[in-house]
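So the sequence shown is numbered by my numbering: it starts at 102 and just counts up by one. Quick reminder that beta carbons are idealized off the backbone N, C-alpha and C, glycines included. Working notes for the structure below.
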Amino acid sequence: MLSKVLERVKPSEQEFRREIEKAEEIVKQILKMKGSHVTARLGGSLSRNTHLKGDRDIDIFVMFPEHVSRQEFEREGLKIGRQVFKGHKFEIAYSEHPYVRGVIDGFDIEVVPSFDIKHTSMLKSSVDRSSFHTVYLQRKLSDLQKDQVRLLKQFLKGIGCYGADLKQSSFSGFLTELMVLNYGSFEACLNAVSSWKRQEVIDLEKSVLREEALEKFRDSCLIIIDPTDSSRNAAAAVSIEQMARFVAASRAFLKKPSMNFFFPPRQRPLPAGNVSRLVKKEGLIVVQMRYPKGLLSDLAWGMLRRLCRKVHSALDEKGFEALRSEAWTDEKSLVTITLDLESDSLEQACKRTGPEVFNLQASENFLKAHKRPLSGPRIENGRWVVEELREDFIASEFLKRLLKKLSAEEVKDLRIPLKNAQVLSGGKILSLYKSNCEFREYFTGFLKGKEKFLEF
Numbered sequence: 102m103l104s105k106v107l108e109r110v111k112p113s114e115q116e117f118r119r120e121i122e123k124a125e126e127i128v129k130q131i132l133k134m135k136g137s138h139v140t141a142r143l144g145g146s147l148s149r150n151t152h153l154k155g156d157r158d159i160d161i162f163v164m165f166p167e168h169v170s171r172q173e174f175e176r177e178g179l180k181i182g183r184q185v186f187k188g189h190k191f192e193i194a195y196s197e198h199p200y201v202r203g204v205i206d207g208f209d210i211e212v213v214p215s216f217d218i219k220h221t222s223m224l225k226s227s228v229d230r231s232s233f234h235t236v237y238l239q240r241k242l243s244d245l246q247k248d249q250v251r252l253l254k255q256f257l258k259g260i261g262c263y264g265a266d267l268k269q270s271s272f273s274g275f276l277t278e279l280m281v282l283n284y285g286s287f288e289a290c291l292n293a294v295s296s297w298k299r300q301e302v303i304d305l306e307k308s309v310l311r312e313e314a315l316e317k318f319r320d321s322c323l324i325i326i327d328p329t330d331s332s333r334n335a336a337a338a339v340s341i342e343q344m345a346r347f348v349a350a351s352r353a354f355l356k357k358p359s360m361n362f363f364f365p366p367r368q369r370p371l372p373a374g375n376v377s378r379l380v381k382k383e384g385l386i387v388v389q390m391r392y393p394k395g396l397l398s399d400l401a402w403g404m405l406r407r408l409c410r411k412v413h414s415a416l417d418e419k420g421f422e423a424l425r426s427e428a429w430t431d432e433k434s435l436v437t438i439t440l441d442l443e444s445d446s447l448e449q450a451c452k453r454t455g456p457e458v459f460n461l462q463a464s465e466n467f468l469k470a471h472k473r474p475l476s477g478p479r480i481e482n483g484r485w486v487v488e489e490l491r492e493d494f495i496a497s498e499f500l501k502r503l504l505k506k507l508s509a510e511e512v513k514d515l516r517i518p519l520k521n522a523q524v525l526s527g528g529k530i531l532s533l534y535k536s537n538c539e540f541r542e543y544f545t546g547f548l549k550g551k552e553k554f555l556e557f
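Okay, here's the thing in structure tokens:
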């Protein structure tokens with residue numbers, strides 16, 4: 102089975118040659134340009150020959166000497182990038198510093214400025230490590246292991262665990278290469294992963310004591326020491342959900358191998374009638390917003406997840422217990438937050454339990470703050486108790502007011518437009534479901550609420 106997977110994911114010699122030729126063409130073009138850069142290098146998975154068929158990603162690092170100022174580094178890096186894409190579509194993207202990415206002849210190309218340093222202890226930007234990663238992996242990975250990396254990448258893609266961006270918060274291509282180096286093969290990797298515990302530590306170069314790594318990276322669920330820079334946890338972006346998903350999927354695959362883990366069937370949308378019943382039964386609410394024009398997807402996902410957490414917390418504080426909340430966007434026009442509440446409405450009256458009667462000052466403060474309750478004040482189990490009217494007892498109405506408030510406050514770092522946000526329930530959710538095929542596929546998965554790999 103694995104040989105069949107490899108046939109589908111490994112680029113042909115012709116495809117690989119075309120990609121290398123295009124990369125060399127761009128490198129030569131950059132080397133002819135005037136500027137303070139000293140060279141340009143191919144990086145990423147193409148430079149290690151671990152990329153997947155059809156990826157067509159080319160990462161070019163423009164190397165600047167250490168003495169160049171940050172201002173000149175960024176200015177010249179963007180200038181070179183713009184010259185590379187002259188006559189082609191491109192955009193300015195941001196990591197730690199700006200770079201240029203776009204499409205030329207069907208290839209997705211990134212032109213990234215980097216400092217030409219001698220050792221990672223001399224880092225001037227996080228991107229500077231990339232050249233060291235390429236050299237290390239070119240030296241260490243065997244041809245057989247390169248194919249094992251491809252299998253692992255496709256497996257992670259199939260189970261939804263591939264990508265270190267904010268959308269996925271998961272395993273990067275670099276991590277797949279390190280895991281195959283550490284465990285030896287795809288199958289050995291899955292065998293090991295199936296027994297992973299929280300705060301698993303992988304250190305290929307044995308450069309850090311385990312206890313030191315656990316202390317230094319105590320907030321990380323997975324610790325994979327960067328073999329070129331022992332001060333860095335290369336797995337810092339991996340969330341506990343994605344790590345756990347990888348563990349569970351590895352167990353499921355080892356128990357019952359299937360091509361579906363690598364190439365999962367598309368989610369078949371539920372019939373509208375089923376969706377209508379489930380929406381009513383679950384008491385779901387969907388907040389619908391417009392996708393912010395010109396915003397890079399990674400930034401949009403970060404902002405959307407922060408907004409989702411803020412809304413979830415606000416509902417909990419008001420007594421609407423959010424059982425589940427999830428952010429989603431098609432990265433083109435639509436942004437949604439789906440909320441599964443224990444109840445979308447609360448009793449208008451609520452009970453407030455105050456301090457113990459024996460605490461004089463706290464008692465006086467409580468009684469002063471609750472002068473006109475519906476019922477009380479009375480004493481229960483030695484504490485003051487009152488019943489009052491809730492200010493907010495219908496979740497959808499509270500959400501409308503909350504979004505207006507957040508919009509008026511212009512929440513810091515939030516560029517998702519809230520002014521025309523809509524709070525949908527019942528039939529309005531169904532209308533959105535019928536009208537948008539991408540939302541339909543996403544929402545089907547949300548309603549099922551089941552890990553895809555458990556259906557294989």
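Item: Quick check for students: name the residue ranges of the alpha helix (DSSP H) that lie wholly in the region 265-315, counting only runs of 4 or more.; Value: 274-284, 287-294
Item: Just to confirm, is the Cβ distance from L519 to L507 under 8 angstroms?; Value: yes
Item: To which residues of the same chain is G136 closer than 8 angstroms at the C-beta, ignoring the five residues directly before and after it?; Value: E177, K180, I181
Item: In this structure, does DSSP put K551 in helix, strand or coil?; Value: coil
Item: Taking the Cβ atom as the reference point for each residue, do D217 and M164 lie within a distance shorter than 8 angstroms?; Value: yes
Item: I'd like the list of long-range same chain contacts for K111, defined as Cβ closer than 7 angstroms, with 5 residues on each side in sequence excluded.; Value: K154, D248, R251
Item: What is the DSSP secondary structure of N375, reduced to helix, strand or coil?; Value: helix
Item: In the DSSP assignment, what are the bridge partners of K419?; Value: According to DSSP, K419 bridges with nothing at all.
Item: Determine the DSSP secondary structure at E114, reduced to helix, strand or coil.; Value: helix
Item: Contact between the region 326-341 and the region 220-240: three or more CB pairs below 8 angstroms?; Value: yes
Item: Using a Cβ-Cβ cutoff of less than 7 angstroms, which residues in the same chain neighbour L475 once the five nearest sequence positions on both sides are dropped?; Value: A450, E488, E489, L490
Item: Could you tell me whether the region 429-446 touches the region 535-547, where touching means 3 or more Cβ pairs closer than 8 angstroms?; Value: yes
Item: Only counting the same chain, and skipping five residues up and downstream in sequence, which positions put a Cβ closer than 7 angstroms to that of E197?; Value: S226, S227, V228
Item: According to DSSP, what are the bridge partners of Q343?; Value: Per DSSP, none; premise fails for Q343.
Item: By Cβ distance below 6 angstroms, which residues in the same chain neighbour I205 in space, the five residues on each side in sequence not counted?; Value: H189
Item: Output the boundary residues of the alpha helix (DSSP H) element that contains N460.; Value: Here N460 belongs to no alpha helix (DSSP H), and DSSP marks it neither H nor E.
Item: Buried or exposed for F554, going by 16 or more other Cβ atoms inside 10 Å?; Value: buried
Item: DSSP on D156, reduced to helix/strand/coil?; Value: coil
Item: Does the count of Cβ pairs from the region 378-390 and the region 455-475 closer than 8 angstroms reach three?; Value: no
Item: From the DSSP output, which residues share a beta bridge with R484?; Value: E457, E481
Item: Helix, strand or coil, according to DSSP, for I260 in the structure here?; Value: coil
Item: Just checking my contact of G403 with L267 at CB under 8 angstroms: how many whole Å lie between their CB atoms?; Value: 4 angstroms
Item: Given a cut-off of 8 angstroms, decide if S295 and L355 are closer than it, judged by their beta-carbon atoms.; Value: yes
Item: Starting from G203, trace the beta strand (DSSP E) both ways and give me its first and last residue.; Value: 199-205
Item: Using DSSP with H/G/I as helix, E/B as strand and the rest coil, what is A350?; Value: helix
Item: Compare the Cα-Cα distances from Q368 to each of F540, V169, D158, F287 and report the closest residue.; Value: F540
Item: From the DSSP output, in three-state form, read off M390 for me.; Value: strand
Item: For G144, write down the residues that DSSP places opposite it in a beta bridge.; Value: D160
Item: Which residue marks the beginning of the alpha helix (DSSP H) containing L238, and which one marks its end?; Value: 230-241
Item: Can you name, in chain order, every residue of its own chain whose Cβ lies under 8 angstroms from the Cβ of S340, other than the five neighbours on each side?; Value: S270, S271, C322
Item: Hey, could you find the ends of the beta strand (DSSP E) L397 is sitting in?; Value: Unbroken run through L397: none, as it is neither H nor E.
Item: Skipping 5 residues on each side, what residues in its chain have a beta carbon closer than 7 angstroms to that of A496?; Value: I386, L416, F421, L442, D445, S446
Item: Could you tell me the alpha carbon to alpha carbon distance between L282 and L305, rounded to whole angstroms?; Value: 8 angstroms
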